[in-house]
Amino acid sequence: MLDNLTDWLNEQTLITKLGIFVGLIVIISGVYWYFFWSPNDVQLTRLNSTLQTKRKKLTELENIKKDLPNFIAENKRLEKEFKIASLKLPKEEELPALINSIYSDISASGLEPVVFAPKAHANKEIYAEIPIEMKVKGSYFELANFFDRISRLPRIVNVRDLNLKRSKDSNARNILLDAEFSTVTFRLLPPMPASDESKLKKRKSRSRTRSRKK
């Protein structure tokens with residue numbers, strides 16, 4: 092059979108022989124591409140993408156490594172500031188005395204207390220807010236004197252939601268104000284057990300996921 096094929100090729104013209112040769116090259120190239128080059132090309136593309144991702148990650152890690160001393164120094168600075176600030180937050184046993192001090196400053200400033208109502212504590216992540224709903228009556232200078240007094244307390248006390256209006260008891264010589272606001276102090280919460288902290292993080296993660304879906 093091979094001899095017959097050889098004789099048949101010898102009988103063909105040069106152009107036919109060239110056409111057959113080119114056809115064989117095309118067929119062999121197609122087979123090679125389909126079975127060998129194409130799978131390797133896909134794998135090469137995937138490996139190249141993985142390499143680019145790892146190079147990007149390596150660059151990020153190298154940048155973090157360069158900035159690590161700055162991160163450490165900044166973390167130490169923040170920890171120091173946190174410790175200093177925490178000293179100004181009242182402990183649980185100090186809260187009654189602090190609330191009494193705020194109430195005493197009302198009279199000491201010359202204001203007339205109308206409402207003085209401590210509210211329920213509002214727990215945040217690492218601290219709790221202790222708000223006091225207040226309504227007082229007095230002059231502008233008496234009110235300013237009160238705010239000055241609470242700003243000098245050894246513990247942090249903030250004033251929120253201040254609302255001022257002229258009192259009905261005012262006259263031409265003596266202008267009085269009705270002031271409604273909240274004073275808020277804070278206390279640190281005890282460290283949360285690791286198991287509870289993990290549960291809290293999971294709840295927050297689920298909450299964020301629901302918010303994105305909405």
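Here the numbering used here is used: position 58 in the sequence shown is 149, and no number is missing along the way. Even for Gly, the Cβ is constructed at its ideal location relative to N, Cα and C. Fair warning: this is a prediction, and the values are worked out from it, not measured in the lab.
Tell me whether residue i sits in a helix, a strand or coil according to DSSP, three-state version.
i: Lys-256; result: strand
i: Ser-120; result: helix
i: Glu-216; result: coil
i: Gly-229; result: strand
i: Ile-223; result: strand
i: Leu-244; result: coil
i: Ala-199; result: helix
i: Ala-208; result: strand
i: Ala-270; result: strand
i: Leu-37; result: The requested residue 37 does not occur in the structure, where the chain is confined to residues 92 to 305.
i: Leu-142; result: helix
i: Asn-262; result: coil
For residue i, which residues in the same chain have their Cβ closer than 8 Å to its Cβ, ignoring the five residues on either side in sequence?
i: Leu-314; result: The structure shown has nothing for residue 314, since the chain only spans 92 to 305.
i: Ser-76; result: This structure does not reach residue 76, given that the chain is present from 92 up to 305, and the question cannot be answered.
i: Tyr-194; result: Pro-204 and Phe-207
i: Ser-140; result: none
Would you kindly check if the distance between the Cβ of residue j and the Cβ of residue i is under 8 Å?
i: Arg-196; j: Ile-241; result: In the sequence on display, residue 196 carries Asp and not Arg. Cβ distance < 8 Å, so Asp-196 and Ile-241 count as in contact.
i: Asn-236; j: Ser-261; result: no
i: Ile-223; j: Phe-238; result: no
i: Phe-272; j: Arg-251; result: yes
i: Ala-219; j: Arg-278; result: yes
i: Leu-169; j: Ile-221; result: no
i: Leu-253; j: Val-227; result: no
i: Ile-217; j: Leu-149; result: no
Only counting the same chain, and skipping five residues up and downstream in sequence, which positions put a Cβ closer than 6 Å to that of residue i?
i: Leu-255; result: Leu-268 and Ala-270
Three or more beta-carbon pairs under 8 Å between the stretch 227–234 and the stretch 268–275, yes or no?
-> The stretch 227–234 and the stretch 268–275 touch, with no fewer than 3 CB-CB distances between them shorter than 8 Å.
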